[in-house]
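Novice: What follows is a single structure, and I will ask about it in a moment.
Protein chains in written order, with this note's numbering: chain A, 1212 to 1541; chain B, 1072 to 1427.
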């Protein structure tokens, strides 16, 4: 509380604004890690490595963008991993029943936002903590997955296989999947919405101080419900991308993904109390996670659990950093 | 009609009324569906039956939820308990599996002490992050939740450590006075925590810190120390729960042990009527909450529904209990039922969800 006055007093230095420091730190970390990779492994400098990070983590990035909206308002959405799995399951099972791909896409893209809308309403109208409501949403979506099928359902639909196998590339042999292009579109739209629209500014205002936002006459309730809907939509898109990537719907896929997503958002410099952060930071956060995984894969002697330990360590470092540079913490 | 409602008001107003009602309803529904649900029989001097099973299986959850109650009472949250269960179980099983005589009591006690020590160190880590450095509890413990799974897998080297130790197995499956030992361990922990919080001023201090940490500090309470302490206690409870979980299956799996127990524990605490904003807690409510969750799980198993689908029912229960406890929802309901009152619904929250 007392630090608020301190930061406003000192924030107007002509150098880098304080709120940019976490994002710049993440960028520096990403470059250092990439540099280490290039210096250690010859194949790492291939541009395809970067493309692969995007291909392998595209769905994570989309979901993390949705989570950024929620966290910016000071909330949290634990249901994302389950909604991703549920979307993939629903599409797989509907396709198996022979529905046309376009209809399946529409239905799958509607489920996530609907669940998000309901959760947002419960949070706003009944004043229940986001943590508990989205926890229930997480249970519900995961339960629906196994309710649909206990086993994984393969997707053989023509549209899906095309989306999965089609490669957009240059003559040099480097390529990205169509999913990556979709991811870029989502990221750009989200960045535009957050930075330049009324809705985006409302999100920041509510995260900064919802009381003040309310007194200023901003639509607090509508915005709060909307961010959970946005997060649901992003999870649904993430689920579709995941089903493009794996060409199946599995009931236990993306378990614990919400943790990776939250970690990526925090490493990307978004403050969990809300009000400060950027979509660009989230992109960097996801890339950091992706590069860690790539480094560990390249090394070969390290086991997969080191990923978790390193992510935990990074989380700690970045939270400490946020604390040290005195960004408003409650 | 109104007189009945008036007479019932003190009872329905009690904070344990709704959780208790849910538990009773679930037991009644179970008994109707399966008449043998409540039957208990004696075999080899031990009691067997579904109610006993529910009590035995809910023991680890009760333990974790007890620690969680104290943490939540200070306005914090501890997400790392699941990972701590996995770590403590892994350390104990690793030590026992390396020992020459797995059945010796001293080996088992050394293993338990080692594992408890490891968990306490991690609890201290959580406590320092929250109380000394001042990081929000939800993120501070998120670190260990993510990294702790990795540590547990590092300890077990990604394998499942299987042990064959009678004394260790007894923690989960042993019997004492015809009842499973696990029930007594959970009961002892509950009584210990209750004695410390309700028979001394500690409980009041914890609640005052949760109500307003700054004000309590000005009133002469060492808020930092109390907050630090609850995370250590929570870690200790999680460690004992971890012993039970691994003892139940005589093996330690860094990946699966204690998975999602933190969510169940938070759920149990919330169902029991402890507010996530901190400031008040109910230990008996938490135990009721844990029993509700375990009864629900057992019910779903008994109905031959896959364990994952039981999450659907859990979601329904969570939402129902939270709605019933939400003052805004009750206000809406009573306004619908009576005449439309001009009472304005207060949209602002009293507190943020996770104050540090």
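Idealized CB from N, CA, C, for every residue including glycine.
Only a predicted model underlies this, so the values are computations on that prediction, with no experimental measurement involved.
Based on the DSSP secondary-structure assignment, which residues constitute the bridge partners of residue 1400 (chain B)?
Specialist: DSSP, once it has assigned bridges, lists no residue as partnering residue 1400 (chain B).
Novice: At 7 Å on the CB atoms, spell out the chain B contacts of residue 1514 (chain A), in chain order.
Specialist: Neighbours of residue 1514 (chain A) on chain B, chain order: 1229.
Novice: For residue 1342 (chain A), which residues from the same chain have a beta carbon less than 8 Å from its beta carbon, with the 5 sequence-adjacent residues on both sides left out?
Specialist: Correct list, in chain order: 1287, 1289.
Novice: Is the Cβ of residue 1380 (chain B) closer than 8 Å to any Cβ of chain A?
Specialist: Yes, contact with chain A.
Novice: Taking one C-beta from the stretch 1177 to 1195 of chain B and one from the stretch 1430 to 1449 of chain A each time, how about it: are there three or more such pairs within less than 8 Å?
Specialist: No contact exists between the stretch 1177 to 1195 of chain B and the stretch 1430 to 1449 of chain A.
Novice: Would DSSP call residue 1528 (chain A) helix, strand or coil?
Specialist: Residue 1528 (chain A) falls in the helix class under three-state DSSP.
Novice: Three or more C-beta pairs closer than 8 Å, one from the stretch 1140 to 1158 of chain B and one from the stretch 1310 to 1329 of chain B: is that the case here?
Specialist: Yes, the stretch 1140 to 1158 of chain B is in contact with the stretch 1310 to 1329 of chain B.
Novice: Return the chain-ordered list of same chain residues with a C-beta closer than 7 Å to the C-beta of residue 1238 (chain A), the five sequence neighbours on each side being excluded.
Specialist: So the qualifying residues of the chain are 1495.
Novice: Just curious, the alpha helix (DSSP H) that residue 1349 (chain B) is in, first and last residue?
Specialist: No alpha helix (DSSP H) contains residue 1349 (chain B), which DSSP labels as neither H nor E.
Novice: Kindly say whether residue 1221 (chain B), judged by its beta-carbon, lies nearer than 8 Å to any beta-carbon of chain A.
Specialist: Chain A, which has a Cβ nearer than 8 Å to the Cβ of residue 1221 (chain B), makes this yes.
Novice: Listed from N- to C-terminal order along the chain, which residues in the stretch 1350 to 1365 of chain A have their beta-carbon within a distance smaller than 8 Å of any beta-carbon of chain B?
Specialist: Under the 8 Å Cβ criterion, the stretch 1350 to 1365 of chain A contributes 1350, 1351, 1353, 1354, 1355, 1356, 1357, 1358, 1361.
Novice: If you drop the 5 nearest sequence neighbours on each side, which residues of the same chain put their C-beta closer than 7 Å to that of residue 1281 (chain B)?
Specialist: Closer than 7 Å at the Cβ level, and outside the excluded window around residue 1281 (chain B), lie 1144, 1145, 1146, 1349, 1350.
Novice: Output yes if chain A places a C-beta closer than 8 Å to the C-beta of residue 1149 (chain B); else output no.
Specialist: It does not; no Cβ of chain A falls within 8 Å.
Novice: For residue 1217 (chain B), would you say it is in contact with chain A, using Cβ-to-Cβ distances shorter than 8 Å as the test?
Specialist: At least one chain A Cβ lies under 8 Å of residue 1217 (chain B).
Novice: Please report the straight-line C-alpha distance between residue 1196 (chain B) and residue 1314 (chain A), rounded to a whole angstrom.
Specialist: Going from the Cα of residue 1196 (chain B) to the Cα of residue 1314 (chain A) covers about 51 Å.
Novice: Since residue 1547 (chain A) contacts residue 1268 (chain A) with CB under 8 Å, what's their CB separation in whole angstroms?
Specialist: There is no way to answer for residue 1547 (chain A), as the model of chain A reaches only from 1212 to 1541.
Novice: Alpha helix (DSSP H) containing residue 1094 (chain B): first to last residue?
Specialist: Run containing residue 1094 (chain B): 1088 to 1104, per the alpha helix (DSSP H) assignment.
Novice: Between which two residues does the alpha helix (DSSP H) harbouring residue 1322 (chain B) extend?
Specialist: No alpha helix (DSSP H) contains residue 1322 (chain B), which is instead part of the beta strand (DSSP E) from 1322 to 1324.
Novice: Check for me: the alpha helix (DSSP H) holding residue 1243 (chain A) runs from which residue to which?
Specialist: Where residue 1243 (chain A) is concerned, the enclosing alpha helix (DSSP H) stretches over 1232 to 1251.
Novice: Mapping DSSP to helix, strand and coil, what is residue 1236 (chain B)?
Specialist: Residue 1236 (chain B) falls in the coil class under three-state DSSP.
Novice: If you measure beta-carbon to beta-carbon, which residues of the stretch 1477 to 1506 of chain A are closer than 8 Å to chain B?
Specialist: Of all residues in the stretch 1477 to 1506 of chain A, 1477, 1483, 1484 have a Cβ within less than 8 Å of some Cβ in chain B.
Novice: Does residue 1407 (chain A) come out as helix, strand or coil in the three-state DSSP assignment?
Specialist: Correct three-state label for residue 1407 (chain A): helix.
Novice: What are the boundary residues of the alpha helix (DSSP H) that includes residue 1454 (chain A)?
Specialist: Segment 1431 to 1457, the alpha helix (DSSP H) holding residue 1454 (chain A).
Novice: Short check: CB of residue 1297 (chain B) to CB of residue 1139 (chain B), under 8 Å?
Specialist: Contact: no.
Novice: Please report how far the alpha carbon of residue 1089 (chain B) lies from the alpha carbon of residue 1395 (chain B), in whole angstroms.
Specialist: The straight-line gap from Cα to Cα measures roughly 8 Å.
Novice: Whole angstroms is fine: what's the gap from residue 1449 (chain A)'s alpha carbon to residue 1507 (chain A)'s?
Specialist: Cα to Cα, the separation comes out at about 24 Å.
Novice: Looking at the C-beta of residue 1400 (chain B), does it have a partner C-beta in chain A at a distance below 8 Å?
Specialist: Answer yes: the Cβ-Cβ gap between residue 1400 (chain B) and chain A drops below 8 Å somewhere.
Novice: Compute the Euclidean distance between the alpha carbons of residue 1379 (chain A) and residue 1396 (chain A), then round it to the nearest angstrom.
Specialist: Between residue 1379 (chain A) and residue 1396 (chain A), the C-alpha separation is close to 15 Å.
Novice: I believe residue 1366 (chain B) touches residue 1125 (chain B) by the beta-carbon criterion, under 8 Å. Please report the beta-carbon distance rounded to the nearest angstrom.
Specialist: At roughly 6 Å, the Cβ-Cβ gap stays under 8 Å, so residue 1366 (chain B) and residue 1125 (chain B) are in contact.
Novice: Opposite residue 1388 (chain A) in the DSSP bridges: which residues?
Specialist: Note: residue 1388 (chain A) sits in a beta bridge opposite A:1378.
Novice: If you draw a straight line from the C-alpha of residue 1392 (chain B) to the C-alpha of residue 1348 (chain A), how long is it?
Specialist: Each residue's Cα considered, the two are about 14 Å apart.
Novice: Closer than 8 Å, CB to CB, is residue 1288 (chain A) near chain B or not?
Specialist: No - not a single Cβ of chain B is within 8 Å of the one on residue 1288 (chain A).
Novice: Does the stretch 1345 to 1364 of chain A come close enough to the stretch 1418 to 1435 of chain A to have 3 or more Cβ pairs within less than 8 Å?
Specialist: These segments do not touch.
Novice: How many Å lie between residue 1370 (chain A) and residue 1312 (chain A) at the Cα?
Specialist: For residue 1370 (chain A) and residue 1312 (chain A), the distance between alpha carbons rounds to 7 Å.
Novice: For residue 1281 (chain A), which option in A:1252, A:1526, A:1472 has the closest C-alpha, if you only look at C-alpha atoms?
Specialist: Minimum Cα distance to residue 1281 (chain A) is reached at A:1472.
Novice: Rounded to whole angstroms, how far is the Cβ of residue 1118 (chain B) from the Cβ of residue 1249 (chain B), which I believe are closer than 8 Å?
Specialist: The Cβ separation is near 5 Å, so the contact holds.
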